[in-house]
């Protein structure tokens, strides 16, 4: 059990290659979401993490900063959900812990589902100015078995109150199709604990 | 703005050195908390992060796995709160994303304050079996200005329901003293966003 003083979360090689092939700008938010959903599917196809992806884009120009994917199991980091990966990578690329800094254009987080109880807080602390999600009902939990945790009953209102705008329901069916595919292929669901 | 495909969070050098000098086991939870609070003070003394520290210990033997500290500003990672750092490092040391794995002894997280809205979820997803905190009232927010975010109104009950036991109020005054020291020295408070 050697001591280690750091942890690293990396994108899989396919995700680096796939975004190198994308245009620098993806102006429509629907096209951004389509890419994010495509990455969520690729993440299970390559067996490099769970069926979740998230992208950080400039809100007004569609400039692509980074698209991240879930990396919990491959990284041995239970907090490496897609949102945390995307936000942390964007913070490295832009060299700031505050994606809401006045020196930056407004940044938007696009995710293939609503945040879990952790990513909710992670999104708030990132400084991001807006959040776009494909859905927020119980479909993801029901289909995949992933637990989203105890969400604040007024999570959307609390987020808006803190200056983050929310768009919900973009490409809902496309997002769900990936969750169904994940279920049908019998992949592992990691939740808080594998035993009781 | 070069693309980067990974992010790393490291402990500061003093924290590596300081825990190398600690005994392998710290049997009493009070002594564990005392160390955690000492690390929270050292983190501001060295200006290596906010006034927060967290330790992962074997619950029944007091074996020390790792003590982490807040690293948000030095790492440019807004999710690098003390709990996330400690849990992620413990997961590297034990080579698992699931600190509640049946192959491990029961593990406990000891923190110098209650979790924020993000660390609440991060604690749930880590698999940890118990949480010990120095306090959970509004003293930290009031003294330091750190925002804990919209917490689930029944956060403790929801945590217990998911198999995590909670001990609250251990060395409350000692924890608060660090927050006062942080305030009195005029250090930077980073919240979700530095601008509105």
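Protein chains in written order, with this note's numbering: chain A, 1 to 196; chain B, 1001 to 1196.
Cβ coordinates follow ideal geometry from the N, Cα and C atoms, glycine included.
For my contact list, residue i and residue j are in at a C-beta cut-off of 8 Å; report their separation, rounded to the angstrom.
i: residue 1100 of chain B; j: residue 1069 of chain B; result: 23 Å between Cβ atoms; not a contact.
i: residue 108 of chain A; j: residue 128 of chain A; result: 7 Å
i: residue 1036 of chain B; j: residue 1055 of chain B; result: 5 Å
i: residue 171 of chain A; j: residue 34 of chain A; result: 6 Å
i: residue 1005 of chain B; j: residue 75 of chain A; result: That belief does not hold up - the Cβ atoms of residue 1005 of chain B and residue 75 of chain A are roughly 13 Å apart, past 8 Å.
i: residue 150 of chain A; j: residue 1046 of chain B; result: Contact flag wrong, Cβ pair sits at about 35 Å.
i: residue 1112 of chain B; j: residue 1052 of chain B; result: 6 Å
i: residue 117 of chain A; j: residue 60 of chain A; result: Actually they are not in contact, since the Cβ atoms of residue 117 of chain A and residue 60 of chain A sit about 30 Å apart, beyond 8 Å.
i: residue 1032 of chain B; j: residue 1003 of chain B; result: Wrong, their Cβ atoms sit about 41 Å apart, outside the cutoff.
i: residue 1077 of chain B; j: residue 1007 of chain B; result: 6 Å
i: residue 1029 of chain B; j: residue 1110 of chain B; result: 7 Å
Buried or exposed for residue i, please, with buried defined as at least 16 other CB atoms from any protein chain shown within 10 angstroms of its CB.
i: residue 1098 of chain B; result: buried
i: residue 1015 of chain B; result: buried
i: residue 20 of chain A; result: exposed
i: residue 148 of chain A; result: buried
i: residue 114 of chain A; result: buried
i: residue 1095 of chain B; result: exposed
i: residue 1197 of chain B; result: Because chain B spans 1001 through 1196 in this model, residue 1197 of chain B falls outside it and cannot be assessed.
i: residue 1001 of chain B; result: exposed
i: residue 102 of chain A; result: exposed
i: residue 135 of chain A; result: buried
i: residue 1121 of chain B; result: buried
Inter-stretch contact at 8 Å, needing at least 3 Cβ pairs: the stretch 1162-1173 of chain B / the stretch 131-144 of chain A: no
Using a beta-carbon distance cut-off of less than 8 Å, what residues from the stretch 109-128 of chain A approach chain B? 116, 117, 118, 119, 120, 121, 122, 124, 125, 126, 127
Chain B contacts from the stretch 4-16 of chain A (Cβ-Cβ distance under 7 Å): 4, 5, 6, 7, 8, 9, 10, 11, 16
Is the stretch 1019-1028 of chain B close to the stretch 1088-1096 of chain B, with three or more CB pairs under 8 Å? These segments do not touch.
contact_flag[the stretch 1032-1046 of chain B, the stretch 1171-1178 of chain B] where n(CB pairs < 8 Å) is 3 or more: Yes: at least three Cβ pairs fall under 8 Å.
By the 8 Å beta-carbon criterion, what residues does the stretch 1135-1156 of chain B contribute toward chain A? 1149, 1150, 1151, 1152, 1153, 1154, 1155
Are at least three pairs of beta-carbons, each pair with one atom in the stretch 68-86 of chain A and one in the stretch 146-163 of chain A, less than 8 Å apart? no
Fully enclosed by the stretch 38-121 of chain A, which alpha helix (DSSP H) runs are 4 residues long or longer? Entirely contained in the stretch 38-121 of chain A, the alpha helix (DSSP H) runs reaching 4 residues are, in chain order, 72-75, 82-94.
At a Cβ cut of 9 Å, what residues of the stretch 84-99 of chain A count as close to chain B, listed as they run along the chain? Listed by position along the chain: 84, 85, 87, 88, 89, 91, 92, 93, 94, 95, 96, 97, 98, 99.
Inter-stretch contact (C-beta, 8 Å, three-pair minimum) for the stretch 78-87 of chain A and the stretch 1109-1125 of chain B: yes
Going along the stretch 1015-1048 of chain B in order, which residues come within less than 9 Å of chain A, judged by CB to CB distance? Within the stretch 1015-1048 of chain B, the residues whose Cβ lies closer than 9 Å to some Cβ of chain A are 1015, 1016, 1019, 1020, listed in chain order.
Length at least 4, wholly inside the stretch 126-152 of chain A: the alpha helix (DSSP H) runs in chain order: 139-144
Could you run through the stretch 170-181 of chain A and flag, in chain order, every residue whose CB is less than 8 Å away from some CB of chain B? none
Could I get the ranges of all uninterrupted beta strand (DSSP E) runs contained in the stretch 1150-1179 of chain B, with 3 residues as the minimum, in chain order? With a minimum length of 3 residues, the continuous beta strand (DSSP E) runs that stay inside the stretch 1150-1179 of chain B are 1165-1168.
Residues of the stretch 1055-1071 of chain B with Cβ closer than 9 Å to any Cβ of chain A, in chain order: 1065, 1066
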